[in-house]
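Everything on this sheet refers to the single structure shown next.
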Amino acid sequence: MTNDIESIDGMSPKEAIEKGRVKNSPYVVKGKRYIPMSVEEAWHYSETGFASWYGKETQRQKGGKMTANGEAFDPKKPTAAHKHLPLPMHVRVKNLDNGKSIIVRVNDRGPFVENRIIDVSSGAAKDLGFYRQGLARVKIETVQLD
11 MTNDIESIDG MSPKEAIEKG RVKNSPYVVK GKRYIPMSVE EAWHYSETGF
61 ASWYGKETQR QKGGKMTANG EAFDPKKPTA AHKHLPLPMH VRVKNLDNGK
111 SIIVRVNDRG PFVENRIIDV SSGAAKDLGF YRQGLARVKI ETVQLD
C-alpha cells in the first residue's frame, strides 16, 4: 500500500471547500438519518473509539459501485469511511494499541455498525497493524495538508 495521500484521485479537501463541492448533506441508512457536520466543525474534530476495515481486496472501478464521494474505491490506498465528517476530509488515525499512525482520506460513509467510529481501507488497516484482528482502538483527528 502507498501512504501517499496525494495518489488518491479527486479534489483535495481544500479545493472541494473552495469550489463548494463538499458533500455534507443529510442521508438515511437502514431507516436512520445521519447529519454530517459542517466544515468548520470538522476542522476541530477528534474522537477515540474503534476502527474496523473494509475492502476485501477488490476495487470498485468507474461504472461499478463507487464511494459516497463518487470516487473509485481502491483498498490499497489510504482511505476511510465516516458517518459524520464532510467529504472529502483528511484525518490522522492512530492505533492506540501499537502507536502506529497514518493519514487517510475520508471519501465514503460508514461504518454502520454499533460502537465503531471509522472504517479504513484494508491497506490502511495493514499499515495500522490491525488487519488480522479486524478491529483496533484508535484516535482520529482531522488534519489540513496544504
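According to my numbering, the stretch in the sequence shown is residues 11 to 156, in order. Heads up, the beta-carbon is just placed ideally off N, CA and C, and yes, glycines get one too.
Reduced DSSP secondary structure (H/G/I, E/B, other) of residue i
i: Asp-129; result: strand
i: Leu-145; result: strand
Same chain, Cβ closer than 6 angstroms to residue i, neighbours up to 5 away in sequence not counted
i: Gly-120; result: Ala-91, Asp-129
i: Val-39; result: Phe-122
i: Thr-12; result: Bear in mind that the predicted position of Thr-12 carries a pLDDT of just 42, short of 50, making it unreliable; the figure below should be weighed with that in mind. Contacts found: none.
i: Tyr-64; result: Asp-129
Exposed unless 16 or more other CB atoms sit within 10 angstroms - verdict on residue i
i: Lys-66; result: exposed
i: Glu-81; result: buried
i: Asp-107; result: exposed
i: Asn-79; result: buried
i: Ser-62; result: buried
i: Phe-83; result: buried
i: Arg-115; result: buried
i: Pro-36; result: exposed
Pair within 7 angstroms by beta-carbon distance, residue i and residue j
i: Thr-89; j: Ser-56; result: no
i: Asn-117; j: Leu-138; result: no
i: His-100; j: Pro-46; result: no
i: Gly-144; j: Lys-86; result: no
i: Lys-149; j: Lys-110; result: no
i: Ile-127; j: Gly-59; result: yes
Other residues of its chain near residue i: CB distance less than 8 angstroms, five sequence neighbours each side excluded
i: Ala-52; result: Leu-95, Pro-96, Met-99, Thr-152
i: Gln-154; result: Pro-23, Lys-24, Trp-53, His-100
Cβ-based neighbour list, residue i, same chain, cut-off 7 angstroms, excluding 5 preceding and 5 following
i: Ala-26; result: Val-32, Pro-98
Contiguous beta strand (DSSP E) assignments of at least 3 residues, all confined to the region 25-113: 37-39, 42-44, 56-64, 89-91, 99-105
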